[in-house]
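Under mature numbering (1 follows the signal peptide of the UniProt record, and there is no 0), read the sequence shown as residues -19 to -1, 1 to 359, first letter to last. Virtual Cβ for every residue (Gly too), placed ideally from N, Cα, C.
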Amino acid sequence: MTTLKTMALATAVSTLALAASAETKIGMITTLSGGGAGLGVDVRDGFMLAMEQAGRDDIEVVIEDDQRKPESAVQIADQMIQSEKVDIMTGIIWSNLAMAVVPAATAQGVFYLSPNAGPSALAGKRCHENYFNVAWQNDNLHEAAGAYANNASLKNSYILAPNYPAGKDALTGYKRMYQGDLAGETYTKLGQTDYAAEIAQIRASGADSVYFFLPGGMGISFLKQYADSGVDLPVVGPAFSFDQGILQAVGGAALGIKNTSQWNKDLDNPANTAFVTAFEQKYERLPSLYASQGYDTANLILSALDKASVDDKEAFRAALKAAEFDSVRGDFKFGDNHHPVQNIYVREVIQEGDVFTNKIIATGLENHADAYAAECKM
């Protein structure tokens, strides 16, 4: 039985088992309450599914809720490092929280494996030997969307995203690949729920398409309001705005929309087939992109622990870099800055019975690395 220990939280996590001591201690800080909680729940559930499947009793996982607040994340991280003596940290969803936590954690000798947030600074000038991103660099899915927009002959996009590090990386990534004109570019408030003003701007802009990055509840609000507005311009986005946990809330308004992702439930490889089946059986819902990233993060850690003790930092670091695990994405490899080099796919929102989901329709970018690796001087 995998060990799970939880501290007192606003949102408690059920205890699977409690060990008096463990050879390896993992601290997970993620968002389990408030806005964006669904993302953190999925990362946690995917991660813990892999840990349970491994059946190990030498690993302890301590899980805390950051409530999407940087100050809370910093306080929890300090407690985990100084009091809990964690060896590895993971879990953060939001890039502003990652920037508040990761540099201090890695500087203290703790390994940090990101299952989601991939700010450009941590891929480039502020990279660190103890930091690995198992998901993507923030720009990547947006770069694939820009490439898709070109192929779809979209010439005048209106683009918008929240005003925080991942939002800025998102629009930077889209513009890096997109060859058309911009009808407008807007940064919205993080956590915003009313998009009437932005939709009015889109309507008046002369745009032929809309590209937006609004993860979690922000995307649900925007898509519903956009559908009700009567504006019928084609919409393109990253998976974060059209992922499994969001689609049921959005419903038919999302049908047919193209979005980009490094994963989908229909990727045809044995690890992914087994993951989708196991996740659905355990949690009675389809896995999301975030769940797949949590699952891969846990299996990467497990594969490294099979080769080296976390106390032997050089050997453990090398084992992480080798990434010898069965990823749900198929082939998995890290670039020199410890970020994935991977395919990014174009998906279309479809309906299967009563369930809204995605299917892969094309490969947007093949063996794609991030644009910041050259700035990393490890």
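In this structure, Phe113 keeps its C-beta atom at 9 angstroms or more from the C-beta atom of Gly72. Under the 10 Å beta carbon count, Ile342 is surrounded by fewer than 16 other beta carbons and is classified as exposed.
The criterion of a C-beta distance shorter than 9 angstroms is not satisfied by Gly21 and Gly198. Apart from sequence neighbours up to five positions away, the residues of its chain that approach Ala125 with a beta-carbon distance below 6 angstroms are Thr241, Ile325, Gly345 and Leu346, ordered along the chain.
Shown here, Pro143 sits in a strand according to DSSP, grouped into three states.
Pairing Thr258 with Lys358, the inter-Cα distance amounts to about 41 angstroms.
Gln173 sits away from Gln243, with the two beta carbons spaced by 9 angstroms or more. Of the candidates Gln274, Leu236, Gly233 and Val231, the residue whose Cα lies closest to the Cα of Ala252 is Gln274. In this chain, the beta strand (DSSP E) harbouring Asp162 covers Asp162 to Thr169.
Of all alpha-carbon atoms in Trp117, Ala79, Tyr139 and Asp59, the one lying nearest the alpha-carbon of Lys314 is that of Trp117. For Tyr192, the pairing in a beta bridge is given by DSSP as Ile140 and Val217.
By the criterion of a C-beta distance shorter than 6 angstroms, Ala350 is surrounded in its chain by Gly316 and Val322, once the five residues flanking it on both sides are discounted. For Phe256, the enclosing alpha helix (DSSP H) starts and ends at Pro251 to Tyr264. Of the candidates Met70, Arg37 and Ile74, the residue whose Cα lies closest to the Cα of Arg49 is Ile74. Beyond the five residues adjoining it in sequence on each side, Ile227 comes within less than 7 angstroms, by CB distance, of Gly200 and Ile201 in the same chain, given in chain order.
In the three-state DSSP reduction, Asn348 falls in the strand class (E or B). The alpha-carbon separation between Glu305 and Asp162 amounts to approximately 43 angstroms.
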